[in-house]
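Report on one structure; see the data block that follows.
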Amino acid sequence: MLHTPRTLAPLLLVAALLAPSVASAQGSARAYLERRHDEVNRILRQDAETDAARERRSQRLTRLLNQLLDYEGLSEASLGDHWDAHSEEERARFVALLRQLVERNYEANLERILEYEVSYEDERSRGDRTLVTTSARSRTQRRQPPVEIEYTMRSVSGDWRVIDVTTDGVSMVRNYREQFDRIIERDGWDELIARMERRLEEDQG
Numbered sequence: 002m003l004h005t006p007r008t009l010a011p012l013l014l015v016a017a018l019l020a021p022s023v024a025s026a027q028g029s030a031r032a033y034l035e036r037r038h039d040e041v042n043r044i045l046r047q048d049a050e051t052d053a054a055r056e057r058r059s060q061r062l063t064r065l066l067n068q069l070l071d072y073e074g075l076s077e078a079s080l081g082d083h084w085d086a087h088s089e090e091e092r093a094r095f096v097a098l099l100r101q102l103v104e105r106n107y108e109a110n111l112e113r114i115l116e117y118e119v120s121y122e123d124e125r126s127r128g129d130r131t132l133v134t135t136s137a138r139s140r141t142q143r144r145q146p147p148v149e150i151e152y153t154m155r156s157v158s159g160d161w162r163v164i165d166v167t168t169d170g171v172s173m174v175r176n177y178r179e180q181f182d183r184i185i186e187r188d189g190w191d192e193l194i195a196r197m198e199r200r201l202e203e204d205q206g
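And the structure:
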């Protein structure tokens with residue numbers, strides 16, 4: 002069975018807070034994320050008492066999440082050497098499945114987003130990447146230590162995109178790569194795709 006990496010839940014929880022608008026990414030990555038935090042909190046505080054209203058809210062936030070995450074870059078980095086070994090069609094299928102898995106896990110954490118207070122600690126450049134460090138603390142369980150989340154970002158055509166998230170020192174990309182590599186080496190590419198598809202079917206059930 003394909004397991005969701007343990008870093009993914011915090012990623013989706015906080016990435017939802019940091020989802021972007023369609024506006025161009027101007028200024029620092031840190032300031033950009035802070036603006037998006039405020040925007041998403043406004044959406045989440047709107048009334049959503051019916052199933053239809055909740056679905057509209059979820060769709061809106063999912064679109065914003067998809068604008069922030071660089072799914073193709075994330076997929077390529079997560080597959081490592083296996084990326085070049087497969088056709089464009091196979092890669093596209095993998096990217097689509099990974100996107101759906103991220104969206105499903107994000108939706109599962111949607112109602113928890115407002116429970117966390119996010120602070121922005123640091124921003125620094127590393128080559129063509131920008132690293133933004135944030136801290137997420139539970140509003141309801143103040144004794145719990147804050148979770149440190151570092152976003153690795155790059156500017157693509159004037160918009161910021163997240164290509165990795167490190168939660169308390171654990172990289173999402175590295176976690177994915179280890180898991181995917183283990184499945185491919187042991188059971189093959191087709192089995193990896195089949196497991197991802199089964200995971201989606203289980204979530205739908």
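Throughout, my numbering is defined as the position within the sequence shown, counted from one, plus 1. Glycine included, every Cβ here is placed at the ideal spot set by N, Cα and C. Quick caveat: nothing in here was measured; it's all calculated off a predicted structure.
For W84, the secondary structure class from DSSP, reduced to helix, strand or coil, is coil. For the set Q180, L201, D204, M197, the Cα lying nearest the Cα of A78 is the one of Q180. In the pairwise beta carbon analysis, the stretch 80–88 is classified as not touching the stretch 31–48: fewer than three pairs are separated by under 8 Å. Secondary structure of R127 (DSSP, three-state): strand. Distances from the CA of V96 to each of L193, D204, Y152 were compared; the closest alpha carbon is that of L193.
Excluding its 5 nearest sequence neighbours in each direction, R105 has C-beta neighbours in its own chain below 6 Å: D204, listed in chain order.
A residue is called buried once 16 or more other Cβ atoms fall within 10 Å of its Cβ, and N42, having fewer, is exposed. Nearest to T134 by alpha-carbon distance, out of R57, T153, R127, R92, is T153. When the beta-carbon positions are compared, L80 and E198 stay at least 8 Å from each other. In this structure, the beta-carbon distance from R140 to E116 falls below 8 Å. If you ignore the 5 residues before and after S29, its C-beta comes within less than 7 Å of the C-beta of E124, all in its own chain and listed in chain order. The three-state reading of DSSP puts T63 in helix, counting H, G and I together.
Contact annotation: L102 and I164 have beta-carbon atoms that are not nearer than 8 Å.
W190 sits away from Y33, with the two beta carbons spaced by 8 Å or more.
Around the beta carbon of A53, fewer than 16 other beta carbons lie within 10 angstroms, which makes this residue exposed. Taking the Cα positions, E35 is about 43 Å away from R187.
Counting only residues of its own chain and dropping the five nearest sequence neighbours on each side, P147 has a CB closer than 7 Å to the CB of S136, A137, R138. S29 sits in coil when the DSSP states are folded into three classes, being neither helix nor strand. Residue T167 holds the alpha-carbon nearest to the alpha-carbon of E151 among T167, Q142, G159. Within the DSSP bridge table, the entry for S120 names S136 as partners.
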